[in-house]
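Participant: Same order as they appear, the protein sequences are chains A and B. Residues in the first sequence are numbered consecutively from 120, following the numbering used here. Residues in the second sequence are numbered consecutively from 14, following the numbering used here.
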Amino acid sequence: MNAPSITSTAQTPAVTRRFDLRAALKDSFRSALIMLGLSIPILAFRTDQSGGDIFLTPRWGLVAIICAIVFGLRLLLHAFTASKAYRQATPSSHQATEPVHAEPSAYQHVSKFAIPFFLGVALAFPLLVYLIQGGLNESRYWVDLGILILTYVMLGWGLNIVVGLAGLLDLGYVAFYAVGAYSYALLSTTFGLSFWICLPLAGILAAFWGMILGFPVLRLRGDYLAIVTLAFGEIVRLVLINWVDLTNGGAGISSIPRASFFGLPFTAGEGGFAATFGLEFNGMHRIIFLYYLILVLALLTNFVTMRLRRLPIGRAWEALREDEIACRSLGINTTNTKLTAFAIGAMFGGFAGSFFAVRQGFVSPESFNFLESAIILAIVVLGGMGSQIGVAIAAIVLVGGPEILRNLTFLQAIFGTGFDPNEYRLLLFGAGMVAMMVWRPRGLISEREPSVILKERKAISGSLVKEGHG
Amino acid sequence: MSTAGANIPMQGQQASTARQPLLSVRGVKTYYGNIIALKGVDMDVNEGEIVTLIGANGAGKSTLMMTIFGNPRAREGTITYAGQDITKMPTHEIARLSIAQSPEGRRIFARMTVFENLQMGASMNGLAYFDQDLERVCTLFPRLKERLQQRGGTLSGGEQQMLAIARALMSRPKLLLLDEPSLGLAPLIVKQIFNIIKELNEKDGMTVFLVEQNAYHALKLAHRGYVMVTGNITMSGSGRELLENPQVRAAYLEGGHH
């Protein structure tokens, strides 16, 4: 309904100038206001018939959400047109022989507000869902989906350290996920250790296994490395299946203790979370707690990665990805560099794994098959290797996409009532991959953001630029 | 001081200075699988010298340079740097002995910015002298200063070569190994780069070991030179001697440059 306003204003200002955040915000706000005006007669009240009478049910939550969506989309549209215009107006930095000026790239503009936007949505997600669905219990499906997506975001970020930063193609990342999950499952069921103790332990154990994998593959690169890591993933899974004494084999480990809210269990009785905070008991408290837990874990992964990128070790990973021989001749110990990449990547896999175990309450080798590794790797590759925000977007698309398709009822009208998009997940993956290879062969966000940005901009004298092109 | 050289057979060949060479290569044999690439090379680089090694394609020049850095490793013979046997030392440890290398094919980090490339070069001494050295490198290569924010891969060939040398300089080396710095560059840029090498040697007293195809420029610049043919050093002498040698002229200098 507000489509005309988008087309009428979007083209003129953005093409000529670079992205102007203030103007964009103003315009987005205006669009949201228009949306609000339009939705008052259309959306704000639902007419419910009961007997002979008609009741008006207010739906202000829905209106607020739709306005927020319009605002966000409008902002994205601005960013998109601005980045496109910017890219056309400036020579591509990939081919420039002239000095490229030190102004932030289009990608930096997008990420400047895309990151707060995503972060805000992620933080407010349970609340938004609660408002849309109109109740805690009704929103369970969506919060669960959020948890699932965030788990993959975290796994993607963890694998990104190994694949994206250090350039070591790892097809067996799910092994560390499994190590983390079984660490928590076994430690908690046999020794009764709490989740908060097991979480770091699981990370350490996974990191240890990362090093174990790292040692034999130190000399391998590319295809050979991929094959060995693939085998490693399968070995871990097969050990989990066959070491029945320890892991209970294919039957898995069930009734894993649940996480507590820093010591307060999520139970109905006295001393539980709900009773302590004076809330009415609801099973959803635990789910929402899990949502925020995985959000914190994922953000921790991101934070650590971003910090490491600025430290010598992170720089060494990136240099290793670019050129191993040059690295060595600059005095970098490539052995240690690779091992730390494997270990730190694996550690985050382990954290995610123990989260998986505490959330499911049940682990079995089924959950850690090669497909999982492939999905995580696909997330990293589609996101653009080394790009944090790209990985997050790819996780949302690849994991959330099929679920959202399932909820589009008109698809069932087209393909028949038995249509389940989940069955076509791999087909969608394939199609997505092919589309990516055609349009964005280096990933959704292919640009690597330099980890050091110099503040000063140099005026460039023409004589220096012209001199000796060769 | 001369204890390390005592049991080395080829001692007599060396000039009769009492000083021990900074880098000495004795009887080094390097193999690629079963194929022998270096057939027993002897060579010295004295402190403060520019020494150049010329030879045809496939003579083993780059192999010698890489062997000094331990990758591939010498199967026989010894390599001594400042009195220390580095034959079996891992590459990254050799790099920490104040030897820096600008390897063949430049090998800059293409997706990292020029600034980050330079930081990588200085990472060994913990960026302690980074600002100072950055300043110095930027004075040597004003072109790089313009492009500090640019990705390495977007530089032109000559700039990439400058970056490779600058990166090597960032570790404050005593000995600089350069593998074909003139490869694929326009004559003007080659001249610039050779001038900078000369400046480094004369002003900073840096010792330079230069592997080159561009025999004329390299020999003109060098104090001493070696000629390598299929894995053997066949000739050695001062740069001028080699330049005037008819055999060298016939093999490496005909073709009407300059």
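From the three backbone atoms N, C-alpha and C, an ideal C-beta is built for every residue, glycine too. Please read these numbers as outputs of a predicted model, since none were measured by experiment.
Please list the partners that Ile508/A has in chain B, where partner means a Cβ-to-Cβ separation under 8 angstroms.
Facilitator: Against the first sequence, residue 508/A aligns to sequence position 389. The premise fails here: Ile508/A is roughly 17 angstroms from chain B at the closest Cβ pair, so nothing lies under 8 angstroms.
Participant: Among Leu194/A, Leu181/A, Leu305/A, which one has its Cα closest to the Cα of Lys145/A?
Facilitator: Translated into positions along the first sequence, residue 145/A becomes position 26. Closest option to Lys145/A, Cα to Cα, is Leu194/A.
Participant: Determine the extent of the beta strand (DSSP E) in which Phe164/A is found, giving its start and end residues.
Facilitator: To locate residue 164/A, count along the first sequence from 1; it is residue 45. First-last of the beta strand (DSSP E) with Phe164/A: 164-169.
Participant: Ordered along the chain, which non-local residues of its own chain (more than five positions away) have a Cβ less than 7 angstroms from that of Glu222/A?
Facilitator: Taking the first residue of the first sequence as 1, we reach residue 222/A at position 103. Note on Glu222/A: pLDDT 48, under 50, position unreliable in the model; the coordinate value appears next. The answer is none, since no qualifying residue turns up.
Participant: Report the neighbours of Asn452/A on chain B: residues whose CB is nearer than 7 angstroms to its CB, in chain order.
Facilitator: As a first step, residue 452/A is located in the first sequence; it is residue number 333 there, counting from the start. Under the 7 angstroms cutoff, chain B gives His105.
Participant: Consider the Cβ of Arg434/A: report whether some Cβ of chain B lies at a distance smaller than 8 angstroms.
Facilitator: Against the first sequence, residue 434/A aligns to sequence position 315. Taking Cβ atoms only, chain B reaches closer than 8 angstroms to Arg434/A, which makes this a yes.
Participant: Per DSSP, Arg39/B is paired with what?
Facilitator: Along the second sequence, read from residue 1 onward, the residue named residue 39/B stands at position 26. Paired residue(s): Thr91/B.
Participant: By a C-beta neighbour count over all protein chains shown, 10 Å radius and 16 as the cutoff for buried, is Ala345/A buried or exposed?
Facilitator: As a working mapping, residue 345/A is identified with position 226 in the first sequence. By the neighbour-count rule (16 or more Cβ atoms within 10 Å), Ala345/A is buried.
Participant: Check whether the Cβ of Pro569/A lies closer than 8 angstroms to any Cβ atom in chain B.
Facilitator: On the first sequence, position 450 is the one that residue 569/A refers to. So, interface residue.
Participant: Please give the ranges of any beta strand (DSSP E) in the stretch 180-252 of chain B, keeping only runs that are unbroken, at least 3 residues long and fully inside the region.
Facilitator: 188-192, 220-225, 237-242, 245-251, all fully within the stretch 180-252 of chain B.
Participant: Compute the Euclidean distance between the alpha carbons of Thr453/A and Leu255/B, then round it to the nearest angstrom.
Facilitator: The count along the first sequence starts at 1 and reaches residue 453/A at position 334. The count along the second sequence starts at 1 and reaches residue 255/B at position 242. Computed Cα separation, rounded: 40 angstroms.
Participant: Compare the C-beta of Glu148/B with all C-beta atoms of chain A and state if any pair is closer than 8 angstroms.
Facilitator: Indexing the second sequence from 1 puts residue 148/B at position 135. For Glu148/B, the answer is no, since every Cβ of chain A falls outside 8 angstroms of its Cβ.
Participant: Since I believe His236/B is in contact with Val64/B (beta carbons under 8 angstroms), could you give me their beta-carbon distance rounded to a whole number of angstroms?
Facilitator: What you label residue 64/B is simply residue 51 of the second sequence in a count that begins at 1. What you label residue 236/B is simply residue 223 of the second sequence in a count that begins at 1. Val64/B to His236/B, Cβ: 7 angstroms. Contact.
Participant: Specify, as a first and last residue, the run of the alpha helix (DSSP H) that Lys593/A falls within.
Facilitator: Because residue 593/A is not part of the residues shown, which for chain A are 120 to 589, the question remains open.
Participant: Using a C-beta cutoff of 8 angstroms, does Thr100/B count as contacting chain A?
Facilitator: To locate residue 100/B, count along the second sequence from 1; it is residue 87. Answer no: the Cβ-Cβ gap between Thr100/B and chain A never drops below 8 angstroms.
Participant: Buried or exposed: Phe396/A, going by 16 or more other Cβ atoms within 10 Å of its Cβ?
Facilitator: Within the first sequence, numbered from 1, the residue matching residue 396/A stands at position 277. Counting Cβ neighbours within 10 Å, Phe396/A comes out exposed, since fewer than 16 surround it.
Participant: Looking only at C-alpha atoms, which of Arg185/B, Val203/B, Val38/B, Ser75/B sits nearest to Leu449/A?
Facilitator: Counting from one through the first sequence, the residue named residue 449/A turns up at place 330. Of Arg185/B, Val203/B, Val38/B, Ser75/B, the residue nearest in Cα terms is Arg185/B.
Participant: Is there a C-beta anywhere in chain C that falls below 8 angstroms from the one on Ala87/B?
Facilitator: Among the protein chains of the structure shown, namely A and B, there is no chain C.
Participant: Just the C-alpha distance for Ala297/A and Asn245/B, rounded to the nearest angstrom, thanks.
Facilitator: For the purposes of this step, residue 297/A is identified with residue 178 of the first sequence, where counting begins at 1. For the purposes of this step, residue 245/B is identified with residue 232 of the second sequence, where counting begins at 1. The straight-line gap from Cα to Cα measures roughly 56 angstroms.
Participant: For the stretch 370-391 of chain A, which residues have a beta carbon sitting closer than 8 angstroms to at least one beta carbon of chain B?
Facilitator: Answer set for the stretch 370-391 of chain A: empty.
Participant: Specify the secondary structure class of Gln162/B as computed by DSSP and reduced to three states.
Facilitator: Counting from one through the second sequence, the residue named residue 162/B turns up at place 149. Residue state, collapsed to three classes: coil.
Participant: Under 7 angstroms Cβ-Cβ, which residues of chain B neighbour Pro431/A?
Facilitator: Taking the first residue of the first sequence as position 1, residue 431/A is located at position 312. Simply Ser136.
Participant: Is Val127/B helix, strand or coil by DSSP?
Facilitator: In the second sequence, counting from the first residue as 1, residue 127/B sits at position 114. Looking at Val127/B - three-state DSSP - the assignment turns out to be helix.
Participant: Tell me which residue opens and which closes the alpha helix (DSSP H) that Asp364/A is part of.
Facilitator: Translated into the one-based positions of the first sequence, residue 364/A becomes position 245. Counting along the chain, the alpha helix (DSSP H) containing Asp364/A begins and ends at 363-366.
Participant: Out of Gly134/B, Ile112/B, Gln173/B, point me to the one whose CA is closest to Gly187/B's CA.
Facilitator: Your numbering for residue 187/B matches position 174 in the second sequence. Here residue 187/B is Lys; the residue named in the question, Gly, does not match the sequence. Nearest option by C-alpha distance: Ile112/B.
Participant: For Ala350/A, which residues in the same chain have their Cβ closer than 8 angstroms to its Cβ, ignoring the five residues on either side in sequence?
Facilitator: Taking the first sequence and counting its residues from 1, one reaches residue 350/A at position 231. Hits under 8 angstroms: Gly291.
Participant: Spell out whether any CB of chain A is found under 8 angstroms from the CB atom of Asn208/B.
Facilitator: Here residue 208/B corresponds to residue number 195 of the second sequence, with the count starting at 1. For Asn208/B, the answer is no, since every Cβ of chain A falls outside 8 angstroms of its Cβ.
Participant: What's the gap between the Cα of Ala163/A and the Cα of Phe190/A?
Facilitator: Numbered from 1 along the first sequence, position 44 holds the residue referred to as residue 163/A. Numbered from 1 along the first sequence, position 71 holds the residue referred to as residue 190/A. Distance between the alpha carbons of Ala163/A and Phe190/A: 18 angstroms.
Participant: Within 8 angstroms of any Cβ in chain B, is that where the Cβ of Asp442/A sits?
Facilitator: Along the first sequence, one-based indexing puts residue 442/A at 323. For Asp442/A, the answer is yes, since a Cβ of chain B falls inside 8 angstroms of its Cβ.
Participant: Within the chosen definition, does the stretch 311-324 of chain A reach the stretch 465-480 of chain A through at least 3 CB pairs nearer than 8 angstroms?
Facilitator: They touch, by the three-pair rule.
Participant: Between Ala445/A and chain B, is the shortest Cβ-Cβ distance under 8 angstroms, so that the two count as touching?
Facilitator: Counting from 1 along the first sequence, the entry for residue 445/A is found at position 326. Yes, Ala445/A counts as interfacial toward chain B.
Participant: How is Pro177/A classed by DSSP in three states: helix, strand or coil?
Facilitator: Counted from its first residue, the first sequence places residue 177/A at position 58. Three-state DSSP puts Pro177/A in a strand.
Participant: Please look up how many angstroms separate the CB atoms of Leu563/A and Leu501/A, rounded, as I've assumed it's under 8 angstroms.
Facilitator: Here residue 563/A refers to the residue found at position 444 when the first sequence is read from its first residue. Here residue 501/A refers to the residue found at position 382 when the first sequence is read from its first residue. At roughly 6 angstroms, the Cβ-Cβ gap stays under 8 angstroms, so Leu563/A and Leu501/A are in contact.
Participant: Could you give the residue range of the beta strand (DSSP E) that holds Gly68/B?
Facilitator: Here the question's residue 68/B lines up with position 55 in the second sequence. Looking at the DSSP string, the run of the beta strand (DSSP E) that includes Gly68/B is 63-68.
Participant: Shortest alpha-carbon distance to Ser195/B belongs to which of Glu212/B, Met175/B, Thr126/B?
Facilitator: Counting from one through the second sequence, the residue named residue 195/B turns up at place 182. When each option's Cα is compared against that of Ser195/B, the closest is Met175/B.
Participant: Cα separation between Ile210/B and Arg440/A?
Facilitator: The residue you call residue 210/B lines up with position 197 of the second sequence. The residue you call residue 440/A lines up with position 321 of the first sequence. Going from the Cα of Ile210/B to the Cα of Arg440/A covers about 30 angstroms.
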